[in-house]
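Just remember that my numbering sits 2 ahead of the position in the sequence shown, which is counted from 1.
Structure first, then comments.
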Amino acid sequence: MACGNPERGDDGLGPALIERLANLNRSDFETDADYQLNIEDAASLANYERVLFIDASISAPPPFNLESLAPTTEIAFTSHSVSPGAVLAICHDHFHHVPEAWVLGIRGYQFDLGQGLSSDARVNLDAAFARVIELLDSWNRCGKV
């Protein structure tokens with residue numbers, strides 16, 4: 003599950019990675035991308051054992067940061083956006099399920115409206131894509147996808 007706005011430069015890293023994954027036409031995972039997470043995403047998560055949240059990051063060390071994620075004890079959101087940890091908490095509270103969750107923050111540099119991905123962000127995207135493929139293959143070997 004990725005978020006980001008491809009019209010805002012490197013903010014499009016999440017959707018760009020999802021597009022690459024979707025183009026693989028593999029049947030062992032599903033992809034989803036939108037501008038941002040919403041509370042309704044909790045209902046979708048209730049159907050999965052594992053989820054990977056993907057987004058651009060202005061603070062991740064290059065090329066990306068990958069870490070496990072737990073439900074957030076404090077659920078704060080606006081009418082337009084929710085954090086991945088809050089989506090997990092809502093999933094737990096309303097659907098009594100918490101999938102194993104990971105968050106992948108791909109380092110971005112330029113977030114101006116109307117810009118495409120920067121060259122440095124593209125390098126980070128390539129590294130993140132390779133790592134996600136490794137993860138998927140590893141999870142498949144363990145029977146955990």
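C-beta atoms are modelled at their ideal positions from N, C-alpha and C, and glycine is treated no differently.
Problem - Own chain residues within Cβ distance below 8 Å of Phe113, not counting five before or after - result: Arg10, Gly11, Asp12, Asp13, Ala58, Ile60
Exercise for the section: Going by CA-CA distance only, name the one from Gln117, Ala4, His98 that's closest to Ala48. Expected result: His98
Problem - One or two residues paired with Gly107 in a DSSP bridge - result: Asp57, Asn67
Problem - Backbone CA spacing between Gly6 and Ile56 [nearest angstrom] - result: 9 Å
Problem - Identified DSSP bridge partners for Ala35 - result: Ala4
Practice task
Would you be able to state if there are at least three C-beta pairs under 8 Å between the region 16 to 25 and the region 61 to 68?
Solution key: no
Handout entry: Cross-strand partners of Arg52 (DSSP beta bridge)
Key = Glu102
Problem - Collapsed DSSP secondary structure at Arg143 in the structure displayed - result: Of the three classes helix, strand and coil, the one that applies to Arg143 here is helix, per DSSP.
Practice task
Whole angstroms is fine: what's the gap from Ser152's alpha carbon to Tyr111's?
Solution key: Within the shown structure, residues of the chain are numbered from 3 to 147, placing residue 152 beyond reach of any answer.
Problem - Same chain, Cβ closer than 8 Å to Gly16, neighbours up to 5 away in sequence not counted - result: Excluding its 5 nearest sequence neighbours in each direction, Gly16 has C-beta neighbours in its own chain below 8 Å: Ala4, Cys5, Gly6, Ala35, Ile56, Asp57, Ala58, Ile108, listed in chain order.
Problem - Under the three-state DSSP convention, the category Arg28 falls into - result: coil
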